[in-house]
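Numbered according to the working numbering, the sequence shown spans residues 25 to 134.
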Amino acid sequence: LTCLSLPAVDQIAAVNVPIPASKPGDFLGVIDAREAQTRESWVKIMTARDARNSLRICYQREGVNHLEKCQQFAEAYIKAIQQPLYPGTQGRFQQYEAKTKESRAAAGHH
């Protein structure tokens, strides 16, 4: 039997998606963790899609009374789309906002 060497973990991908690796060079563990995160993000996407479709159906069904009758669907949809899809993306968005505010302050914009 010959041992196949596993490729090293891609450092760029490791920065984009934070993955807790149990051991250095644990390639299969990294793949499993990425698959788990992908499944979780798809569940969030499908939950938001279902909430949007329920809201759309309620709007069509209720017509002019949609503000009163569809409030729970609207709140569920807003809650679903406010969650970050991937771990770490919320922190990156906050970093982007901070850099944008700094650049505007340096340029003299309010």
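Quick reminder that beta carbons are idealized off the backbone N, C-alpha and C, glycines included.
None of the values given here were measured: they were computed from a predicted structure.
Just to confirm the assignment, what range does the alpha helix (DSSP H) spanning residue i have?
i: N77; result: F51 to E86
i: Q95; result: Q95 to Q106
Measure the C-alpha to C-alpha separation of residue i and residue j and round it to an integer number of angstroms.
i: V67; j: G132; result: 43 angstroms
i: V88; j: Q106; result: 27 angstroms
i: C94; j: C82; result: 6 angstroms
i: T71; j: E86; result: 22 angstroms
i: T124; j: A130; result: 10 angstroms
i: T62; j: A122; result: 28 angstroms
i: P108; j: E64; result: 11 angstroms
i: L6; j: I69; result: Outside the displayed span of the chain (25 to 134) sits residue 6, for which this structure offers no information.
i: A104; j: S127; result: 31 angstroms
i: Q35; j: G49; result: Because Q35 sits at a pLDDT of 47, beneath the cut-off of 50, its placement in the model cannot be relied upon, and the following sentence gives the value as read from the coordinates. Their Cα atoms are separated by approximately 12 angstroms.
Measure the beta-carbon distance from residue i to residue j and round it to whole angstroms, keeping in mind my assumption that it falls under 8 angstroms.
i: F51; j: L79; result: F51 to L79, Cβ: 42 angstroms. No contact.
i: A100; j: A75; result: 5 angstroms
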